[in-house]
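*Asks:* Supplied in structure tokens, the structure appears directly below.
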Amino acid sequence: MKYMLMLVRSDEEWEGLSDKERDYDAIMRWWMSLSEKGVLRDGAELQPARTATTITWEDRSAVTMDGPFMEAKETIGGYGIVEVDDLDAAIALAKSWPARGHKVEIRPIVAR
Amino acid sequence: MSDSARSALADVFREQAGRLTAALVRKLGDFDLAEELVQDALLAALEHWPREGVPDRPGAWLMTTARRLAVDRWRRQQRYQEKLTLLFAAEAADEPEVDDRLRLIFTCCHPAINREAQLALTLRAVAGLTTREIARAFVTSEGTVAQRIVRAKRKIVEARIPYRIPAPDELAARLKEVLAVVYLLFNEGYLATSEVPSRPVLTEEAEALAGMLANLLPGEPEAIGLLALIRFHRARATARFDAAGTLVLLPDQDRRLWNREAIADARRLLDRALAMGRPGPYQVQGLIAASHAAAATWEATDWPRIVGLYELLERFWPSPVVRLNRAIALEHVEGAAAALADVTALATELDGYHLYHATRAELLRKLGRTVEARSADARALALTTNPAERELLENRLLASSQ
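Respectively, the protein sequence lines represent chains A and B. FYI, the numbering for the first sequence is -10 to 101, going by this note's numbering. FYI, the numbering for the second sequence is 519 to 920, going by this note's numbering.
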């Protein structure tokens, strides 16, 4: 079963940290370990939500807007797609995510 | 149906529902479908058994009925077609059944399911209660309960919550979750939140679930501790209400009405748990209940020991309610003034809790501060929804105005 691990953070707090404080070494080790386990299908860090552009529709015409679809303090700062047996396995991976001050939301991916 | 027939039926249901659900989930690999079939089979049993008597092998009767109902549904729905073969596949040996029921309760109490849904799902899938019974027990509508159960079952399927006993490194944390669900069921049954003083159905189910867990996990002292705790409380049940149905608090209970045999049995259980050398909050509460049960009178209670046990409990469960209970015990060691100081220190945290105000009222009255006592009692009454507790507080207010 595939799950998306949404790495949730406060952009403001995250950008206030130095690279050392963000501990990219630990973060890289996490991605590597998932890759070595053979469960990682995809993943990336995202630019902060201030870089977001949102398209909405009014009647049938598309409108381009500056900003994320929802104004929130916490936004998705990255994601990983993993393929594991069940939710417990996905929870175990999410619990090992090392970045401080983050939350991880786990969403099953619809299988077709 | 007579009361005894009804209670015999309830016993059979409790025994069989969880087993059948567990067996069907294993066979079908489909929690949702298994649970629906069991509910249908139980409804059929409710219709037949009171008239025709409980069959010799109720489990086999239910399984046969579930199969027949599955065939009925199959005629209408594609989904059942695939599962039907599994359902009629040769009976596996009964041996893994023990694990099945544990798997089922761990799935129902999975931390990815919210607490209310865990409670409802456990009562329905493991204990075999109907949606209506669960709704009545939690003073909510059948629709709400049904929706909670449907959502939880959908999450189990769609997020693939596994049907298994947690791995050894997760077992402690996951068992804590299961025990919390059973403990909540017991508390709501023992002193209901509203409408009726108590709900024996829930205390019975909680005892049965705790019994099952203690049996299936004989090496887990907290499971045994919880069972002992429930049995200590149930041993005092007959003394908790007087003939008029008024709540009688521990200090005023007629201790001759306590079931000494049940208390001795609970004590043996507790000792077995304690001997494992891994204490926890349920064992400590069991010890507190044991100390009360061992005292000949309220006054003869070993209060210093109870104060110490609440301090120990606070280490496992740092909560203002535990500190409140410690303060209540402290009155008998250091006096009402010391206890009142400790209670009042909890003012901000417990302002919305009726027993905080009721306790303050009692202590204030003992110190002769009657005006303040009355206003604390009034505050407690305003926050209380249990009818028996309301009556008690109303009587107090009445007595203090004379």
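Every residue gets a Cβ at the ideal spot worked out from N, C-alpha and C, and that includes glycine.
1) Restricting to Cα atoms, I'd like to know which of B/Ala906, B/Lys694, B/Ala876 and B/Asn632 is closest to B/Leu842.
2) Which residues of chain B have a Cβ atom closer than 8 Å to the Cβ of A/Met(-10), listed in chain order?
3) So, with DSSP's three-state summary, where would you put B/Glu817?
4) Starting from A/Trp3, trace the alpha helix (DSSP H) in both directions and tell me its first and last residue.
5) Let me check understanding here. Comparing Cα to Cα, which of B/Ala645, B/Ala638 and B/Leu580 lies closest to B/Ala528?
6) Does B/Ala670 come within less than 8 Å of chain A when only Cβ atoms are used?
7) Strictly below 7 Å CB to CB, what residues from chain B border A/Leu82?
8) Measuring alpha carbon to alpha carbon, tell me which of B/Gln803, B/Leu538 and B/Leu720 ends up nearest B/Ala578.
9) Could you tell me the alpha carbon to alpha carbon distance between A/Met(-10) and A/Glu63, rounded to whole angstroms?
10) For chain B, check one thing: does any of its Cβ atoms lie closer than 8 Å to the Cβ of A/Pro87?
11) For a cutoff of 8 Å on Cβ pairs, would you count A/Leu76 as touching chain B?
12) Verify the CB distance criterion: does B/Ala630 have a CB-CB separation below 8 Å to chain A?
13) Please report the Cβ distance between B/Arg892 and B/Ser918, rounded to the nearest whole angstrom; I am assuming they are in contact, meaning their Cβ atoms lie under 8 Å.
14) Ignore the nearest five residues each way along the sequence and tell me which others in B/Glu725's own chain have a CB closer than 8 Å to its CB.
15) Quick one: grab the DSSP three-state call for B/Leu647.
16) Considering only C-alpha positions, which residue in the set B/Gly763, B/Ser712, B/Thr764 and B/Ala638 is nearest to B/Glu723?
17) Note down, in chain order, each residue of its chain lying with its Cβ closer than 6 Å to the Cβ of B/His628, except the 5 sequence neighbours on either side.
18) Within this structure, are the beta carbons of B/Val802 and B/Pro822 separated by less than 8 Å?
19) Rounded to the nearest angstrom, what separates B/Gly536 and A/Pro97 at their Cα positions?
20) Less than 8 Å between the beta carbons of B/Val864 and B/Tyr874, yes or no?
21) Can you tell me which of B/Arg682, B/Leu775 and B/Arg796 puts its alpha carbon nearest to the alpha carbon of B/Gly737?
22) Does the beta carbon of A/Pro37 sit closer than 8 Å to a beta carbon anywhere in chain B?
23) Go ahead and label B/Glu613 buried or exposed: buried means 16 or more other beta carbons lie within 10 angstroms of its beta carbon, across all protein chains shown.
24) Whose CA, out of B/Ile824, B/Leu693 and B/Ala541, lies closest to the CA of B/Val460?
25) Give me the Cβ distance between B/Tyr800 and B/Leu697, rounded to the nearest whole Å; I'm assuming they're in contact under 8 Å.
26) Between which two residues does the alpha helix (DSSP H) carrying A/Asp55 extend?
27) I need the straight-line Cα distance from A/Ser85 to A/Glu25, nearest angstrom please.
28) Give me the DSSP bridge partner(s) of B/Ile824.
*Replies:* The short version:
1) Walking along the second sequence from the start, residue 842 of chain B turns up at place 324. Measuring from the Cα of B/Leu842, the nearest candidate turns out to be B/Ala876.
2) Working through the first sequence from its first residue, we reach residue -10 of chain A at position 1. Neighbours of A/Met(-10) on chain B, chain order: Arg678.
3) Residue mapping note: residue 817 of chain B aligns to position 299 of the second sequence, counting from 1. Looking at B/Glu817 - three-state DSSP - the assignment turns out to be coil, as it is neither helix nor strand.
4) Within the first sequence, numbered from 1, the residue matching residue 3 of chain A stands at position 14. That run of the alpha helix (DSSP H) goes Asp0 to Glu4.
5) Counted from its first residue, the second sequence places residue 528 of chain B at position 10. Of B/Ala645, B/Ala638 and B/Leu580, the residue nearest in Cα terms is B/Ala645.
6) The residue given as residue 670 of chain B occupies position 152 in the second sequence. Cβ-Cβ to chain A under 8 Å: no for B/Ala670.
7) Along the first sequence, one-based indexing puts residue 82 of chain A at 93. By Cβ distance, chain B contributes nothing, its closest Cβ being about 14 Å from A/Leu82, past 7 Å.
8) The sequence position of residue 578 of chain B within the second sequence is 60, counting from 1. Minimum Cα distance to B/Ala578 is reached at B/Leu538.
9) The count along the first sequence starts at 1 and reaches residue -10 of chain A at position 1. The count along the first sequence starts at 1 and reaches residue 63 of chain A at position 74. So the two alpha carbons sit approximately 27 Å from each other.
10) Here the question's residue 87 of chain A lines up with position 98 in the first sequence. Judged by the 8 Å Cβ criterion, A/Pro87 is not in contact with chain B.
11) Numbered from 1 along the first sequence, position 87 holds the residue referred to as residue 76 of chain A. Yes, A/Leu76 counts as interfacial toward chain B.
12) Within the second sequence, residue 630 of chain B is the residue found at index 112, counting from 1. So yes, B/Ala630 belongs to the interface.
13) The residue given as residue 892 of chain B occupies position 374 in the second sequence. The residue given as residue 918 of chain B occupies position 400 in the second sequence. Yes, they are in contact, since the Cβ atoms of B/Arg892 and B/Ser918 sit about 6 Å apart, within 8 Å.
14) The residue labelled residue 725 of chain B in the question sits at position 207 within the second sequence. Cβ within range, chain order: Phe704, Leu745, Ile748, Arg749 and Arg752.
15) Against the second sequence, residue 647 of chain B aligns to sequence position 129. The answer is coil: DSSP assigns B/Leu647 none of H, G, I, E or B.
16) In the second sequence, the residue the question calls residue 723 of chain B occupies position 205. Out of B/Gly763, B/Ser712, B/Thr764 and B/Ala638, B/Ala638 has the C-alpha closest to the C-alpha of B/Glu723.
17) For this step, residue 628 of chain B is matched to residue 110 along the second sequence. Only Ile679 meet the Cβ criterion.
18) On the second sequence, position 284 is the one that residue 802 of chain B refers to. On the second sequence, position 304 is the one that residue 822 of chain B refers to. Contact: no.
19) As a first step, residue 536 of chain B is located in the second sequence; it is residue number 18 there, counting from the start. As a first step, residue 97 of chain A is located in the first sequence; it is residue number 108 there, counting from the start. Straight-line Cα distance between these residues: approximately 28 Å.
20) Taking the first residue of the second sequence as 1, we reach residue 864 of chain B at position 346. Taking the first residue of the second sequence as 1, we reach residue 874 of chain B at position 356. The sequence as given places Leu at residue 864 of chain B; Val does not occur at that position. In contact: B/Leu864 and B/Tyr874 (Cβ atoms closer than 8 Å).
21) What you label residue 737 of chain B is simply residue 219 of the second sequence in a count that begins at 1. Of B/Arg682, B/Leu775 and B/Arg796, the residue nearest in Cα terms is B/Arg796.
22) Indexing the first sequence from 1 puts residue 37 of chain A at position 48. Cβ-Cβ to chain B under 8 Å: no for A/Pro37.
23) Numbered from its first residue, the second sequence carries residue 613 of chain B at position 95. A caution first: B/Glu613 carries a pLDDT of 46, below 50, which makes its placement in the model too unreliable to give a value.
24) No answer is possible for residue 460 of chain B: it lies beyond the span of chain B, which begins at 519 and ends at 920.
25) Working through the second sequence from its first residue, we reach residue 800 of chain B at position 282. Working through the second sequence from its first residue, we reach residue 697 of chain B at position 179. Confirmed, Cβ separation roughly 7 Å.
26) Taking the first sequence and counting its residues from 1, the one referred to as residue 55 of chain A is at position 66. Run containing A/Asp55: none in the alpha helix (DSSP H); it sits in the beta strand (DSSP E), Ser50 to Asp55.
27) The residue given as residue 85 of chain A occupies position 96 in the first sequence. The residue given as residue 25 of chain A occupies position 36 in the first sequence. Answer to the nearest angstrom: the Cα atoms are 15 Å apart.
28) For this step, residue 824 of chain B is matched to residue 306 along the second sequence. Paired residue(s): none; B/Ile824 is not in a bridge.
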